[in-house]
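Below is one structure, written out as structure tokens, with a few remarks after it.
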Amino acid sequence: VSSAHPDVAELLASVLSGVEQLDARSKVLAERADHLAGYLGRTNVAAIHAELEQLRQRAERTQSSETREQYDRIIGTRRQQLAAIADISAALERAHAQILRIRATFEGLSARILRLSALDADARSEATGGMNEELDEVHRDLEAFEEVLRELRPAATNA
Numbered sequence: 002v003s004s005a006h007p008d009v010a011e012l013l014a015s016v017l018s019g020v021e022q023l024d025a026r027s028k029v030l031a032e033r034a035d036h037l038a039g040y041l042g043r044t045n046v047a048a049i050h051a052e053l054e055q056l057r058q059r060a061e062r063t064q065s066s067e068t069r070e071q072y073d074r075i076i077g078t079r080r081q082q083l084a085a086i087a088d089i090s091a092a093l094e095r096a097h098a099q100i101l102r103i104r105a106t107f108e109g110l111s112a113r114i115l116r117l118s119a120l121d122a123d124a125r126s127e128a129t130g131g132m133n134e135e136l137d138e139v140h141r142d143l144e145a146f147e148e149v150l151r152e153l154r155p156a157a158t159n160a
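Here my numbering = 1-based position in the sequence shown + 1.
Below, the structure is given as structure tokens:
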């Protein structure tokens, strides 16, 4: 922005505000993604699947209906755990995609800002509006994803 035409710098005030907000939110997103990745890294999904198979076999072999009922409850709990892990994994993948999108948006802005210097006043105003719209769209997507993360938080925290 410092190397941009003075008229361009004035137009970019709102764009820069959006960039600063997006930058702060992206840092929070990266921290949440690290938290999810850490949980997944500590979780042995193969061991949970192996335990499920052992529990199924035990439930089939036992003669006691009470014991079978206990095994069935454990199996249900482990299935819920695996479903939560799958949700966390999907959220992590979405976080990575969101972070890549934010990065691409930031990297593309510098070229677009320099291009504004070559445009006339009307074209500058239109191009700046386009950048604001793009930033707003990224913000909306990020808000929707943050809601998904809030819903996942109890599952990831309890695990």
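The beta carbon of each residue, even a glycine, is placed where N, CA and C say it ideally should be.
Other residues of its chain near residue i: CB distance less than 8 angstroms, five sequence neighbours each side excluded
| i | result |
| --- | --- |
| V46 | L83, I86 |
| L41 | I86, I89, S90, L93 |
| T158 | Because the pLDDT at T158 is just 49, under 50, the model does not fix this residue reliably, and the value given afterwards should be weighed accordingly. Hits under 8 angstroms: none found. |
| T63 | R69, Y72 |
Straight-line gap, residue i to residue j (C-alpha atoms, nearest Å)
| i | j | result |
| --- | --- | --- |
| E21 | A91 | 27 angstroms |
| E61 | L37 | 36 angstroms |
| A48 | Q55 | 10 angstroms |
| H97 | L17 | 23 angstroms |
| G131 | D35 | 32 angstroms |
| E138 | E152 | 22 angstroms |
| E203 | T106 | The shown model of the chain, from 2 to 160, leaves out residue 203, and the question about it has no answer. |
| A160 | S66 | For A160, the predicted structure reports a pLDDT of 49, less than 50, and the residue's modelled location is therefore unreliable. The matter cannot be settled from this model. |
| A51 | T68 | 19 angstroms |
| R74 | A31 | 36 angstroms |
| L23 | E108 | 13 angstroms |
| E148 | Q99 | 14 angstroms |
| E134 | Q81 | 40 angstroms |
Within 8 angstroms, strictly: CB atoms of residue i and residue j
| i | j | result |
| --- | --- | --- |
| L53 | R95 | no |
| G19 | L101 | no |
| I76 | R104 | no |
| L150 | R33 | yes |
Close beta carbons around residue i, own chain, < 6 angstroms, minus the five adjacent residues each side
| i | result |
| --- | --- |
| Y72 | L56, R59, A60 |
| G39 | none |
Same chain, Cβ closer than 7 angstroms to residue i, neighbours up to 5 away in sequence not counted
| i | result |
| --- | --- |
| A112 | none |
Could you tell me whether the segment 136-144 touches the segment 22-29, where touching means 3 or more Cβ pairs closer than 8 angstroms? yes
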